[in-house]
Amino acid sequence: MPHSDPSPSPMEEEVAAVAGSSPQPEEDFVMVEAGEVQGVVEKPTTAAEPASAQAKADEDTEVEIQQEKKTEVKLEDLFAGMDSDDDDEFPSSSKPQESRSADTSDASFELLRIYYQRFFPWRYMFQWLNHSPVPTNDFKHREFSLWLHNDAVMRYQSYNTSDLFRKDVMRLMPRRIEIGPVYTADPRDRKMFRTSTAFQPIAKELCFDIDLTDYDDIRTCCDKANICNKCWQFTTMAIKVLDTALREDFGYNHIMWVYSGRRGVHAWVCDKKARALNDQQRKAITGYFEVVSGKQGGKKVNIRRPLHPHLSRSLDILKDHFLKDVLAVQDPWQTPEKAEALLQQIPDTELREALRKKWEASPGRASTSKWADIDALAQTSASSALDSKDLLDAKQDIVLEHTYPRLDAAVSQKLNHLLKSPFVIHPGTGRICVPIDKDRLDEFDPLDVPTLQGLVKEIDEWVETDGAAAMAAVDVAGPGGSSQDVKHVQDWEKTSLKPYIEYFRSFVTALMKDERAATVKREREEDGDVEIKVESMDF
Amino acid sequence: MNRIDVKRPRNVLDHRKKQFADPAYKESQYPHRLNFYSTPPTADITLEQFEQWAIDRLRVLAELEACSFRNKTPAETALHMKPLLDKYLPLDATSSNNSKLHLQRQKDHYSHFILRLAFATTEDLRRRFTRVETMLFRLRFQGDDSRERAAFVRTLNLDWEPVSEDEKRALSPQLATTIGFGYGKRAQQVLDEDWCKVDWMRVPDLVESRKVYVKAGKAYVPGREQQSMVLNAYTKRLEEALELTARALPRLDEDDRLTPILNHLSKNFVAPDAGYTGTGSAVEGAEISARNIDALSQHFPMCMTHLHRSLRRDAHLKHFGRLQYSLFLKGIGLNLEEALVFWRSSFSKITDDTFNKEYRYNVRHVYGDVGGDSNRRSGGYSPYSCQRILTEHAPGPGDAHGCPYRHFTLENLGTLLRASGVTDRAVLQGVKEDTENQKYHLACNRVFEHLHKTEIKRAKDDGVMTAAQLETIVHPNEYFKRSYLLKNMDKKTQKDVKMEG
């Protein structure tokens, strides 16, 4: 629902102010016309009034459409495609209400408008999903689902061009955008198909979801939706293990990791082959990665020996993290109960008793020391029954339990599962769901990710400082050097969002390049086929 | 056109098109015991044969399915099936030189295609048919003479890429682990094994269970695991063929001799959980309402008892827990209004608003009150059978759904059982053994028999129930129904207690 207050709100004035103070507003507009899609700065005069006038005019019909859309959505099969409330971003049912009520306030609404208008990387999003500069069915038949502020979810939205997508988002101001699969036909036309076979999902990125709440039984620093840099390390090691396996074992190259805004990450494997996987294959790959089972109580890791190459390699990756990020930082066996749980996993009774005695004698003993005790006592105690192989296996299991990635399998298994789009804003934290550069994984700090409020502040500051510098640059160039010499700077380039969008851009470019190479090759093969056909018809 | 047809050898046809190629008469030869059923039969058979052969095959398939519902191991299934197969669908090895060899294989061939016609109509039937036919194929494939099997596999043209000696040597340590040997040990075994590499997508089940080494998108499959690839190919081709059959069915040029037979066949093959869809399966005389659930919960199997207790304890259930439990309640006859009352009052810690926003829709969806056309037409989902509960959506931390006998640790299961009044040492020991042998049904039935032992004895003595009515329970709703009837025998006349077997 667009803002309908006739008098321009402070925020709108701000938009106008920002636009007005940039050195060459006219030039800006021309550039937009020339095809720059994202980060649009409208002409100062058009910024406030026509937008709100338009909003007023549309308001009545708008409400009707909303109503209609809402009922339409309710008729859909929300059950199968949507996340259950449990794997939503919100840990409890009371949380979302707070944030929602905050969202609907005019201020946050305006912030969202500014974000979609000036920061959201429309063009790269389009290229990412389309795999080609001109719109293809990869984009046109892709399902988007928009979460509106009145809690309605509009599923099966699709757009023929990037511009239409942008316009619709600007119109509806969804607080969340989810991306679904590419269907055999345009999702908006799905009612036209009588049989289920005529309209079905055919492609989607292979996705993985890691959520720190699944680590609650082993993280001691935070729980539920809270995270800190200590427990974020669980995500870091999970990414390393999965990324390595996806590349080395399955041969995928285009893997993007995206921070989910609060307490997890999503992986998008975008290779053409990965996108075409069917449900069974997705389930298989999820099973391949599953090690820590949710069995209630008791042993959580149950794996065959000898270790599968994937697991032995993962252990190599995880070993250091276990000592550094788990034992030292998390101190997982601090309490007597946790220590007892650890003891239950020691295969030999005698050794177990010896350890128990030792730990009871020194209550505050750190987990690192306890871990060392296991080997120390195993060597000194002359237990004949102790099999060093069994002990090694048990220790490996313990390491895996405390480090190996825990995946939300539902996200990966189904072709038609929707997943939150990169670059949307997490409604609870206000953080942008930015991609994580895998090569600089260790530097990533989830608490330092740009927030919507932060971005708006940054861009104001930029105008004051850097804007003046740019002006000076024009002066230096002299009367001959026209303003065209100064490179047009996108709004996102003026903020801390810059490195993330640049990373996304390079990711998308590499993906498109690969895709183009594949298409050219296929066309060549097809040409070959045609020739053969021509010949064979010739008798 | 004719000239071209004559010139083109028939076997260049795609196997999918083959079954609809011109039905030119062709005497079928059966060089192998196993059959991928890519060519439909063309010779004449009598109407009696048509029906009898189909019924015989159906009998075998139904029994196979029952074995899988009862979670029998492959070895037990093979043992159980042997007499049945010998009687209804014998299939001897080529080397046996049996004079009936051709006849046996012909019957196998024809009966398969007749059932295809009968079971191609709906998606559900197609899926089940593919499942049991694959089971039958696996059973036979495993029982086949290894030389004949190899010869058969060669005719399939599955294009497997062999792994060169050099590559075997280079990857020896990794490959060794997938056939059960540690690093460096028995490298010779690796070299001796007959490896092939395929796109990993073709062997999803082997990848899922980490039984193969995967590198750069290729799975390295040892000789002994190649069975799974053959089975996958079989399933895939059958699925495609059934899909095509379904599309061609309306055009079946038929003089109403076959259609009744086919309809009759498919009716005898309804899913075991289809019987609990609506209120039709409600137990007579029982008042099934929201406030009564607590009292009725004494008749629930452990899976539902656990869900009910978790719900009462936490005033909440997670998604799959809600799904499993609300379908069960629907199955025992709780109608939609009562279900909404029940869930609303059970989720006592949340506001009306939250309930309406986040849960109401799901409950209505389960009843087919909302949702897509097909959901509403079919009245929502069917209650989950044990098979589904055992195999789908294994519970994670914080989940309360699933089968306690399968998904609980022994201690937790023991606690649950004792809390439900099972204290007999012998019974608990029996349950322990059952679960260790993965016989979850047996464990559940053991508990049922223990909890109802006096009533069952009386029912048997009075002749109220026949042995058939007391056979293994494979559905939570059957558990409830039987329990309720047994405990309330006094209140009924003998007639009411009659149950379908």
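Protein chains in written order, with the UniProt record's numbering: chain E, 1 to 539; chain V, 1 to 501.
Yeah, the Cβ is synthetic: ideal placement off N, Cα and C, and Gly gets one too.
Chain-order list of chain E residues neighbouring residue 205 (chain V): 284, by C-beta distance under 8 Å.
For a Cβ distance threshold of 7 Å, residue set 283, 284, 287, 288 of chain E lies close to residue 208 (chain V), ordered along the chain.
Taking the Cα positions, residue 365 (chain E) is about 54 Å away from residue 143 (chain E). In the DSSP assignment, residue 199 (chain V) falls outside any alpha helix (DSSP H) and lies within the beta strand (DSSP E) extending over 196-199. Legend: CB atoms of the segment 201-218 of chain E lying less than 8 Å from CB atoms of chain V belong to residues 214, 216, 217. The C-alpha of residue 249 (chain E) lies about 6 Å from the C-alpha of residue 217 (chain V).
Assigned with DSSP and collapsed to three states, residue 419 (chain E) falls in strand. The beta carbon of residue 251 (chain E) falls within 8 Å of a beta carbon belonging to chain V, placing the residue at that interface.
Taken through DSSP and simplified to helix, strand or coil, residue 453 (chain V) comes out as helix. A straight-line Cα-Cα distance of about 18 Å links residue 53 (chain V) and residue 33 (chain V). With a threshold of 8 Å between beta carbons, residue 135 (chain E) makes no contact with chain V. Residue 250 (chain V) sits in a helix when the DSSP states are folded into three classes. Against chain V, the CB of residue 277 (chain E) has a partner CB under 8 Å away; the residue lies at that interface. Distance between residue 252 (chain V) and residue 164 (chain V), taken at the CA atoms: about 50 Å.
Of the other Cβ atoms in all chains shown, 16 or more fall within 10 Å of the Cβ of residue 81 (chain V); this residue is therefore buried. A distance below 8 Å between beta-carbons, with the five flanking residues on each side excluded, links residue 249 (chain V) to the following residues of its chain, in chain order: 117, 120, 121. Cβ-Cβ separation between residue 355 (chain V) and residue 344 (chain V): approximately 6 Å, consistent with a contact (criterion under 8 Å).
Less than 8 Å separates the beta-carbon of residue 234 (chain V) from that of residue 134 (chain V). When 8 Å is used as the limit between beta carbons, residue 440 (chain V) is near no residue of chain E, the shortest such separation being about 15 Å. Those residues of the segment 138-163 of chain E placed with their C-beta closer than 9 Å to a C-beta in chain V are 151, ordered along the chain. Per the C-alpha coordinates, the member of V:246, V:211, V:203 positioned closest to residue 176 (chain V) is V:211.
Between the C-alpha atoms of residue 148 (chain E) and residue 175 (chain E) there is a straight-line separation of about 6 Å. Residue environment analysis places residue 419 (chain V) among the exposed positions, since fewer than 16 neighbouring C-beta atoms fall within 10 angstroms of its C-beta. When V:86, V:96, V:114 are compared, the shortest CA-CA separation from residue 47 (chain V) is found for V:114.
Interface flag for residue 280 (chain E) against chain V is set, since a Cβ pair is found closer than 8 Å. Cβ contact annotation for residue 443 (chain V) (same chain, cutoff 8 Å, sequence separation greater than five): 405, 430, 431, 434, 435, in chain order. Membership of residue 220 (chain V) in the beta strand (DSSP E) is indicated by the continuous run 218-221. Under the DSSP assignment, residue 214 (chain V) falls in the beta strand (DSSP E) whose first and last residues are 213-215. Residue pairing for residue 183 (chain E): DSSP places it in a beta bridge opposite E:201.
Residue 158 (chain E) and residue 190 (chain E) have their alpha carbons spaced roughly 11 Å apart.
Going by DSSP, residue 364 (chain V) is part of the alpha helix (DSSP H) stretching over 360-366. The Cβ atoms of residue 222 (chain V) and residue 200 (chain V) lie no closer than 8 Å to each other. Under the 8 Å Cβ criterion, the segment 56-64 of chain V counts as touching the segment 83-92 of chain V, having at least three qualifying pairs. In chain order, 415 place their CB closer than 7 Å to the CB of residue 278 (chain E), counting only its own chain and leaving out the 5 sequence neighbours on each side. Contact with chain E is found for residue 217 (chain V), since one of that chain's Cβ atoms lies less than 8 Å from the residue's Cβ. Under the three-state reduction of DSSP output, residue 154 (chain E) falls in the strand class.
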